[in-house]
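Accompanying notes for the structure given below.
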Amino acid sequence: MILRPLLLLILLNLFIQSCSAQAISIVSSQWAPYVDDSLQRKGLAVELVDKALQRKGYQPTLHIYNWKRALEGVEIGVFDATCAIWKTPERERYLVYSEPYLTNTISFIKKKNLPIEYHSLADLQGLIIGVVRNYAYDESFNNARGLIKIPENFIVQNLQKLNNGTIDLTLGDERAINYMLEKFLPKHVDSFEFIKPALTSKKLYLAVSRSNKAAQTIIEDFNQAIKEMQQDGSYDQIVSKYKY
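Here it is in structure tokens:
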């Protein structure tokens, strides 16, 4: 069977594109719904980062490890980048950061039937607050004295304790908490509410290892792609799928 010239040209073009695509290894820990290998597109952050990088000719591959191992891996260059990270001066020593592409809102959540007057952290003295070990909440909260903080390994454990009444409050990223409530406590979702104001908000970034010689180029390409996606509506189209 002889291929028609047009079909042959198309196949050749696809082959050239696949060969020219630059592979980029991305590492992260599980953080639903931002990074979650059980979701169809691996989560909100992964989908946005993948689409942006693919738009500029990259071929990203996701690897999931615990956060400590993920961070060490990208620091020493075993992996090229991490897709959902907050910025700190320490991390900037070995990572090149993108412009922020999402915002995380960190808030306290309680049962609706528990009256709490909240204007500042001082108002929470005497209340039992469930926290997650090694979670980078906010310096003011981390250093606050007089707050009763009970640590657990996962936010879902604190939500279950909150539902059972063994703690008064817990806190975390609003989108992540809403996701966990819908997944693990679907019959009790309406029993909870976030209290305002939010504790803090944090910007979310793509960051590339400084050991990657193309780090700055990758970041510039990514920043440009996100701007293009915001302009053509594809950015909002992806975000709107994650209604948590």
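Under mature numbering (1 follows the signal peptide of the UniProt record, and there is no 0), the letters of the sequence shown match residues -23 to -1, 1 to 221, in that order. Virtual Cβ for every residue (Gly too), placed ideally from N, Cα, C.
Assignment of beta strand (DSSP E) within the segment 131 to 162, counting only whole runs of 3 or more residues, yields 146 to 150 in chain order. Secondary structure in the segment 34 to 121: the beta strand (DSSP E) runs of 3 residues or longer, each lying completely within the stretch, are 35 to 41, 58 to 62, 72 to 74, 79 to 88, 105 to 109 in chain order. The beta carbon of residue 88 sits closer than 7 Å to those of 139, 168, 169, all from its chain and outside the five residues before and after it, given in chain order. In the same chain as residue 94, and ignoring 5 residues on each side of it, the C-beta atoms closer than 7 Å to its own belong to 100, in chain order.
Each of 31, 33, 68, 81 was checked against the Cα of residue 45, and the nearest Cα belongs to 68. Judged by DSSP secondary structure, residue 183 falls within the beta strand (DSSP E) whose first and last residues are 169 to 186. Residue pairing for residue -2: DSSP places it in a beta bridge opposite 35. The continuous stretches of alpha helix (DSSP H) do not include residue 19, and DSSP gives it neither H nor E. For residue 39 and residue 15, the gap between their C-alpha atoms comes out near 13 Å. Of the candidates 194, 108, 144, 98, the residue whose Cα lies closest to the Cα of residue 75 is 194. Between the C-alpha atoms of residue 218 and residue 152 there is a straight-line separation of about 12 Å.
In the displayed model, residue 218 falls within coil according to three-state DSSP, outside both helix and strand. Counting the other CB atoms within 10 Å of its CB gives residue 145 a total of 16 or more, which places it among the buried residues.
By the Cβ rule, the segment 1 to 15 counts as touching the segment 56 to 73, because three or more pairs are nearer than 8 Å.
Close CB contacts of residue 48 within its chain, under the 6 Å cut and outside five residues either way in sequence, are absent. CA-CA distance, residue 132 to residue 111, rounds to 12 Å. For residue 126, the enclosing beta strand (DSSP E) stretches over residues 125 to 129. The alpha-carbon of residue 27 is positioned some 9 Å away from that of residue 35.
A residue is called buried when at least 16 other Cβ atoms come within 10 angstroms of its Cβ; residue 17 does not meet this threshold and is exposed. DSSP places residue 204 inside the alpha helix (DSSP H), whose first and last residues are 192 to 209. Taking C-beta separations shorter than 8 Å and ignoring five residues to either side along the sequence, the partners of residue 181 in its chain run 11, 22, 61, 62, 63, 77, 78, 79, 80, 81, following chain order. Taking 8 Å as the cut-off, the Cβ atoms of residue 83 and residue 175 count as close. Comparing C-alpha distances from residue 73 to each of 118, 206, 183 shows the shortest one belongs to 183.
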